[in-house]
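Peer 1:
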Amino acid sequence: TEGEEILWQGRPDWRALARESLMLNWVVVYFLVLALWQVALKASTLPLGGSRNAGVPYLLLGFGAAAIIMVIAWAQAKTTVYTITSARVVMRMGVALTMTLNLPFRELGNASLDLRRSGTGTIALETMGKTRISYLVLWPHARPWRMNPAQPALRCIPDAERVASLLAEAADARVNTPQIAPLAPSEALAAE
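Have a look at this one:
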């Protein structure tokens, strides 16, 4: 809109998205445990070399699952653009079907930052009023485990602390600016 300027634009870090949103670490650990369990089961009946090979199929499956998760995370990050303007937050997301979510600051109640040691973080946006968005439509760009109501989130963004302070300043400036609506012609005549 007129007088609105882009303050920040970015996208999720795909590696952090794979770890935090798509649970890559848990999947890897799961398949490692399965492989070790199979080796332990076979160790009682087979020599060490034969029992070691029992875990190979699970390691290969784990490698395949991790590769799929990383491709999904890369595609999600590549097709996502988060924009903070002087009046709103805009989230364009979606690999197969692109969706744009427009969140004016006046419709946001609160924003919270989940900062990681790496400097990446997630900024969750709490919507007010009638704005309701499905968790499944937002995923993975939703605050984890907040389903009713779902909270849109700028997931796994680099330098999240700086972006959060920029968002806070822009929202504060916009919300505290008085809105002056022009009088309708009939109201202007009645005032005279």
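When you line the sequence shown up against the numbering used here, it's residues -10 to 181, in that order. For glycine and all other residues, C-beta sits at the position ideal for the given N, C-alpha and C.
Rounded to a whole number of angstroms, what is the C-alpha to C-alpha distance between Glu115 and Phe52?
Peer 2: Roughly 37 Å between the two C-alpha positions.
Peer 1: Let me check one thing: in DSSP terms, what residues is Ala139 bridge-paired to?
Peer 2: Ala139 pairs with Met136.
Peer 1: CB Arg77 to CB Asn91, shorter than 8 Å?
Peer 2: Cβ distance < 8 Å, so Arg77 and Asn91 count as in contact.
Peer 1: If I follow the unbroken alpha helix (DSSP H) through Ala66, where does it start and stop?
Peer 2: Taken as a continuous stretch (DSSP letters only), the alpha helix (DSSP H) holding Ala66 covers 45 to 67.
Peer 1: Starting from Arg77, trace the alpha helix (DSSP H) in both directions and tell me its first and last residue.
Peer 2: Where Arg77 is concerned, there is no enclosing alpha helix (DSSP H), although the beta strand (DSSP E) it sits in stretches over 77 to 82.
Peer 1: What first and last residue would you give for the beta strand (DSSP E) that runs through Trp252?
Peer 2: Any answer about residue 252 is impossible in this case: the structure gives the chain only from -10 up to 181.
Peer 1: Tell me the rounded alpha-carbon separation between Ala66 and Ala29.
Peer 2: Going from the Cα of Ala66 to the Cα of Ala29 covers about 39 Å.
Peer 1: Within 10 angstroms of its Cβ, does Leu104 collect 16 or more other Cβ (buried), or is it exposed?
Peer 2: With fewer than 16 other Cβ atoms within 10 Å, it is exposed.
Peer 1: Under 8 Å: do the region 5 to 22 and the region 137 to 150 share three or more Cβ pairs, one atom per stretch?
Peer 2: A contact exists between the region 5 to 22 and the region 137 to 150.
Peer 1: Classify Ala177: buried if its beta carbon has 16 or more other beta carbons within 10 angstroms, exposed otherwise.
Peer 2: Low confidence applies here, because Ala177 scores a pLDDT of 49, under 50, leaving its location unreliable; read the following figure in that light. Looking at its Cβ environment, which holds fewer than 16 other Cβ atoms inside 10 Å, Ala177 is exposed.
Peer 1: Taking Val70 as the reference, give the member of Gly110, Gln(-2), Ala113 with the closest Cα.
Peer 2: Closest option to Val70, Cα to Cα, is Gln(-2).
Peer 1: If you draw a straight line from the C-alpha of Trp3 to the C-alpha of Met59, how long is it?
Peer 2: Cα-Cα distance, rounded: 8 Å.
Peer 1: As a quick exercise: from Leu13, Pro36, Arg106, Asn42, pick the residue whose alpha carbon is nearest that of Ala62.
Peer 2: Per the Cα distances, Leu13.
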